[in-house]
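Residue numbers (this note's numbering): 5 to 208.
What follows is the structure, given as structure tokens:
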């Protein structure tokens, strides 16, 4: 089995309850949170010759964490073999006893999912609250979302229910790491020709 996350941008309000839940569950600061919410916006107002105006303005949020990729570069990059991909669940985890805090995994991940602290020389990553498997039905971030914009399940079930979209500008192409992520986005959010900028949160 391979677990993964589903994110519905049409439901996300950007409240960041998922981030707060992650920080509380993992006992980390926001700068080290395994989940981040970033707001993107773009588009322009245009005036026609007759004086009427139209707009292509848009805004959306992305709530992202580790995607527990099927081809995780962080695992291959770790010189101390501290990053592991669980064969039963597909979840990528970090063994703190082996981590040397070099940050190689963070540098290798195109999503910047591993959080590296160079001062304390440690790196951690979302493990989908793996230590609660069996006693808790879902990760803390999913439970905290009042709008049900997040879900966590067998990736095959998520894709059967919601499709297979796994990338939206500015995320990298999914064939790089094969992320176990499913997205639901409005068409304007998928238009790669639309200029956009991250206006809050940490860009992934």
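A virtual CB, placed ideally from N, CA and C, is assigned to each residue, including glycine.
These numbers come from a predicted model, not from an experiment.
| Item | Value |
| --- | --- |
| Which of the three DSSP states is assigned to residue 19 in this structure? | coil |
| How should residue 159 be labelled, buried or exposed, when 16 other C-beta atoms within 10 angstroms of its C-beta is the threshold for buried? | buried |
| Just checking, does the region 22-38 make contact with the region 183-194 on the three C-beta pairs under 8 Å criterion? | no |
| From what residue to what residue does the beta strand (DSSP E) around residue 120 run? | 119-121 |
| Apart from the five residues just before and just after residue 19, which ones in its own chain have a Cβ nearer than 6 Å to its Cβ? | none |
| Looking at the structure shown, is residue 13 part of a helix, part of a strand, or coil, going by DSSP? | coil |
| Could you check which residue in 63, 103, 147 has the C-alpha nearest to that of residue 43? | 63 |
| By DSSP, does residue 109 sit in helix, in strand, or in coil? | helix |
| Give a yes or no on whether the C-beta atoms belonging to residue 118 and residue 106 are separated by under 8 Å. | no |
| Where do the ends of the alpha helix (DSSP H) carrying residue 130 lie? | That residue, residue 130, is in no alpha helix (DSSP H); it is neither H nor E in DSSP. |
| What is the C-beta distance between residue 165 and residue 178, in whole angstroms, given that I count them as a contact (C-beta under 8 Å)? | Not really, about 18 Å apart at Cβ, beyond 8 Å. |
| Fully enclosed by the region 170-195, which beta strand (DSSP E) runs are 3 residues long or longer? | 185-188 |
| Specify the secondary structure class of residue 61 as computed by DSSP and reduced to three states. | coil |
| Along the chain, where does the alpha helix (DSSP H) that runs through residue 79 open and close? | 77-81 |
| Which residues in the same chain as residue 57 place their Cβ atom closer than 8 Å to its Cβ, once the five residues preceding and following it in sequence are excluded? | 49, 50, 51 |
| Thinking C-alpha only, which one of 23, 14, 101, 135 is nearest residue 151? | 14 |
| Sorted by chain position, which residues of the same chain lie with C-beta nearer than 6 Å to residue 182's C-beta, five sequence neighbours on each side aside? | 73, 74, 75 |
| Just the C-alpha distance for residue 167 and residue 101, rounded to the nearest angstrom, thanks. | 38 Å |
| Spatial neighbours of residue 17 within its chain, please: C-beta separation below 7 Å, excluding the five flanking residues on both sides. | 151 |
| Specify the secondary structure class of residue 101 as computed by DSSP and reduced to three states. | coil |
| What are the start and end residues of the beta strand (DSSP E) that includes residue 43? | 40-46 |
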